[in-house]
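Asks: My questions all concern the structure below.
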Amino acid sequence: MNAPAPLPAAEATGQPPSLQRYQDRSLLALLLCIGIAGPLVAFGVHLRDGLVALTWVALAFSLTDYLLLVLYATRLRPLVAPLLVYTLIFTSGAAIVAHGTVRSMAALVMIAAVVAAGVFLSRRNMLVSGALGIAILGVLNIAENLQLMPTPETRTGWTVWIVQTTILISLMITVNLGRRRMLDAYRSQNLALEHSREVERLLRQSQDRFQALFRSTPAACLVQSLDTLDVLDANQAFQSLFGYTNEELVGHPPPRVWARDEEQTEFRRLIDTQGRVGGLRGLAQRKDGGAFPAMVHAEVTQSATERLLIAVVFDLSADVASRRELEISRERFSKAFNFSPLGMTITRLSDGRFVEVNPANERVLGWTQAEFEGKTSMEVGVWVSETDRNHYVATLRRDGRLQGYETRMRTKAGAIVPVRVWAEIIEIDNEPCALSFTMNVDEEKRHEAMLLNVAEGVSGDTGEAFFRSLVEHLADAIGADGVVVGEVDPLKQMNTLALVWDGRLLPNSTHSLHKTLCEQALLQPALLRFESPRPAHLNLVPPFSEAPLQSVLGLPLRDGDGSAVGLLIAVWRQRPPPNAHLDALLTIFASRCNAELQRLRRDREIHKLHDTLEHRVAARTAQLQYLNRELDSFAYSVSHDLKSPLRSIDGFSHLLREQMAGRMTAEDIDLFERIEASVHRMNSLITDLLALARVSQGTLQRMNTNLSELAHDVIRQERHRDPTREVEVAIEEGLYADCDPRMAQIVLENLLGNAWKYTRQTANARISFNRAEPTAPGGAPVFCIRDNGAGFDMARAERLFKAFNRLHTASEFEGSGIGLATVRRILERHGGHIRGEGAVDQGARFEFCFGSEATS
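Heads up: the sequence shown runs through residues -15 to 840, numbered per this note's numbering.
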């Protein structure tokens, strides 16, 4: 069992830990010395006097010392020193009694005990032990004077006791004072040492921080000794900025920093007169001679041993470039602001007071810059009501910007016009303001209304009704006296589709365009404009040719191949007023008219085609049916006829092999085996080809077929053929389809057989057959067969359902490549479909449907 750890002596005595450690070591040394000296003293007394009382006292004292040594190693170590002191006192008293006189050498042990008490014990214990020693010596002196002890060789009196007492008291006082001084001095030195250590730690920490800051700061820093004029240190930023290495700087005079002499002189003057430089700007010079704008801060400081100059250099290149860009940006903004064709203003959001207004506002709303200056928008009268402005400000504050915000504003003439505003919040002198662009959209709104009116007038019509409605509304919108839309035939004759004259619709008619303005309009790539100085009879189609006209606009209507197939003509008796949107309006409605004319022409063609379509479809269908029957019959005949010579080849090869038995080499046997394998493969191909031909013949007998039962039958057959395989098969129950059961059996045999075959090399093979989501609501059911076998590369999926196309080699998986082609043909005959998805070594998934309508 381990001894408990000793109590911390420092806590028990209240002394500093380091001093307590020294005292513990001294106490251990004293115990060891006593442990050695005690037996020697007992042995010496025994040799001199024999086994007397003094011998037993020495032995008992030695035994007590050994017990204290054991106690020293335990948690009771603080008790060892007082026990040792009192043991010394009582042992010395016993030795005096055994010797018979207080003048015995044992009195010195008493003195040593008191000295030990002064060293190892507290003041109170020291006084107690000293008083105990004095009392014991006094009692022993009295006993000796009264002759109560054995008669010593010399007699003693009170003088000896007094002298001994004086010595003991003096030792007590001396030891106590010395101990106190020692403790006070130790504590003082210890505090001074701890303080110096803390100061050193803080100084080192401060130095480390300064070094880290000096090294990592992005500002270029240089430290120079003013006593030696050499560089003491330069950070990486200084080296990078000026192009010097650390070896070129440290221990050498500093390089020239300023590119110009006047700046160098000013820097030295400030250092000499003020001892510091605060933000001196100028051109700094790099090692390669290049100059850059810089700002320098420097200060002279006094270290413990020398005067230092600390300089910090800031590269102002980016700042100068930014200021230049800012000035350029301000100049550009000023030009864009003042020369913008849009009305631009900067207003305070708090009260709407104008900060800046560009000249374009006079064109937009009629007010000049002077009329806006120093006023709010409400004072000028721009806003129709306070409510309109509040809604504008609230929307701008909420969104931060406005894009095409539509509202109303008042012009200088007092008219209320619709406007469109683009605005964004900016700050000027910490005041949120609105930078806005205003566009008067009154004219645009009027044209929109006009276009809407025309569009609404023709939106619900087609054919001839459309053209009649279009010419009426267009004539009203552009103020034309007459508008005509006509279709042009290859003989350059125009059959009018709709014509309005003086507000009345006229009957359609046919007119020749030879040598007329209409013929010129057909030859134009775009708009034809003809204006006469005064009203005159122009060479146009009736009734336009019968009245004096001054202005004509014409647009050709073109087919998809670019040929002119029609005309849109508008005429005026008097020249129409200037209208910037007139040409655009005519172009827009000509495009709509052109589209309707093309639709009308396509309808005619469709009607013509429709009249002959049924006859051509019936003839083509009959032809395809005949070709399919011939093709199926040919495939069946060829496949059937191929089997007879194939059986002959197989029989003769077996006969030849039997006749040559015993004479064939290994190479001959290999050739015979290859012939038999090829015959077997050819037989499989013919069988599959016959199956493919059969599925294309005969009539489908569709009925409600239980596909789940058919699938179970197919899986039972596969398990019977390959009983050693463990395959997890999940077939959903209740799967029905409207199909031919015989054909459905072939479909499932191929699809489930493929899944069984291609999972052959897969551990934990799984095959599932279940219903999938239909492609359209209410459509025929869609089924899914999935496996986790070899899969296939989707990049080659287009070959999946083609006959004799395989995605795996014959050495990997047997097969003819006709199975999926057969499945596809069966499903197509049912009016269904099939598609496959897969990934290499991750399985395949086939979705198929028997459809609801059969095909030939």
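Cβ coordinates follow ideal geometry from the N, Cα and C atoms, glycine included.
Could you pull out every residue in the same chain whose Cβ sits closer than 6 Å to the Cβ of Phe834, ignoring the five residues on either side in sequence?
Replies: Ala721, Cys723, His814 and Gly816
Asks: Count the other C-beta atoms from every protein chain shown that fall within 10 angstroms of the C-beta of Cys577, then say buried if there are 16 or more, exposed otherwise.
Replies: Buried is the call here.
Asks: I need the straight-line Cα distance from His83 to Asp8, nearest angstrom please.
Replies: 33 Å
Asks: If we call anything under 9 Å between Cβ atoms a contact, is Asp486 one with Gly470?
Replies: Cβ atoms of Asp486 and Gly470: not closer than 9 Å.
Asks: Thinking just about the alpha-carbon of each residue, which of Phe573, Thr331 and Ser547 is nearest to the one in Phe450?
Replies: When C-alpha distances from Phe450 are compared across Phe573, Thr331 and Ser547, the shortest belongs to Phe573.
Asks: So, Gly336 versus Arg373, is the Cβ gap smaller than 9 Å?
Replies: Against a cut-off of 9 Å, the Cβ pair of Arg373 and Gly336 comes out as a contact.
Asks: Distance check for Ala728 and Ala695, CA to CA, integer angstroms please.
Replies: 10 Å
Asks: Among Arg819, Met328 and Leu15, which one has its Cα closest to the Cα of Arg61?
Replies: Leu15
Asks: Could you say which of Glu231, Ala218 and Ala275 lies nearest to Arg244 if we only look at CA atoms?
Replies: The shortest C-alpha to C-alpha distance from Arg244 to any of Glu231, Ala218 and Ala275 is the one to Ala275.
Asks: Which term fits Met478, buried or exposed, when burial requires 16 or more other beta carbons within 10 angstroms of its beta carbon?
Replies: buried
Asks: Between His281, Val401 and His236, which lies nearest to Arg252 when the distance is taken from Cα to Cα?
Replies: His281
Asks: Report yes if the C-beta distance between Ala739 and Arg709 is below 9 Å; otherwise report no.
Replies: no
Asks: What distance in whole Å lies between the Cβ atoms of Leu349 and Arg396, which are believed to be in contact at a cut-off of 8 Å?
Replies: In the sequence as presented, Arg is not what sits at residue 396; that position holds Lys. Indeed, because the Cβ distance is near 6 Å, the residues count as touching under 8 Å.
Asks: Going by DSSP in three states, Leu300 sits in which element: helix, strand or coil?
Replies: Secondary structure at Leu300: coil, using DSSP grouped into helix, strand and coil.
Asks: Going by Cα to Cα distance, which pick from Val549, Lys592 and Leu537 is closest to Ala568?
Replies: Leu537
Asks: Give me the residue from Ala65, Asp33 and Leu522 with the minimum Cα distance to Thr48.
Replies: Ranking Ala65, Asp33 and Leu522 by Cα distance to Thr48 puts Ala65 first.
Asks: Quick check on His457: buried or exposed, where buried means 16 or more other Cβ atoms within 10 Å of its Cβ?
Replies: buried
Asks: Among Arg600, Val663 and Met648, which has the Cα closest to the Cα of Pro629?
Replies: Answer by Cα proximity: Val663.
Asks: Give a yes or no on contact between the segment 601 to 608 and the segment 539 to 547, applying the rule of three or more CB pairs nearer than 8 Å.
Replies: no
Asks: How is the alpha helix (DSSP H) around Leu72 delimited, first residue to last?
Replies: Val64 to His83
Asks: In whole angstroms, what separates the C-alpha of Tyr50 from that of Leu186?
Replies: 50 Å
Asks: For the beta strand (DSSP E) holding Ala218, just list the boundary residues, first then last.
Replies: Val215 to Ala218 is the extent of the beta strand (DSSP E) around Ala218.
Asks: Quick one: what's Asn479 bridged to in DSSP?
Replies: Glu471 and Thr494
Asks: Which residue's Cα is closest to the Cα of Glu515: Asp214, Val601 and Pro532?
Replies: Pro532
Asks: Buried or exposed for Val549, please, with buried defined as at least 16 other CB atoms from any protein chain shown within 10 angstroms of its CB.
Replies: buried
Asks: Among the candidates Gly77, Asn230 and Val103, whose CA atom is the shortest distance from the CA of Ser10?
Replies: Closest in C-alpha terms to Ser10, from the list Gly77, Asn230 and Val103, comes Val103.
Asks: Judging by CA-CA distance, which residue of Arg557, Glu370 and Ile633 is the nearest neighbour of Met666?
Replies: Ile633
Asks: Taking 7 Å as the limit between beta carbons, can you name the residues of its chain near Asp718, skipping five residues before and five after?
Replies: Note that residue 718 corresponds to Gly in the displayed sequence, not to Asp. Take Gly718, set aside five residues on each side of it, and the residues of its chain with a beta-carbon closer than 7 Å to its own are Ser692, in chain order.
Asks: On the three-state DSSP scale, how would you describe Thr806?
Replies: Three-state DSSP puts Thr806 in a helix.
Asks: Report the residue from Glu530, Glu178, Gly775 and Leu639 whose alpha carbon sits nearest the alpha carbon of Phe830.
Replies: Of all alpha-carbon atoms in Glu530, Glu178, Gly775 and Leu639, the one lying nearest the alpha-carbon of Phe830 is that of Gly775.
Asks: Among all the DSSP beta bridges, which residues are the ones paired with Gly466?
Replies: Trp485 and Val555
Asks: Could you give the DSSP three-state label for Arg750: helix, strand or coil?
Replies: strand
Asks: Exposed or buried, what is Glu390 when buried is set at 16 or more other beta-carbons lying within 10 Å of its beta-carbon?
Replies: exposed
Asks: To the nearest angstrom, how far is it from the Cα of Val401 to the Cα of Thr379?
Replies: Val401 and Thr379 have their alpha carbons spaced roughly 20 Å apart.
Asks: Please report the Cβ distance between Leu52 and Leu67, rounded to the nearest whole angstrom; I am assuming they are in contact, meaning their Cβ atoms lie under 8 Å.
Replies: 6 Å
Asks: Going by DSSP, what residues sit across from Glu390 in a beta bridge?
Replies: Arg404
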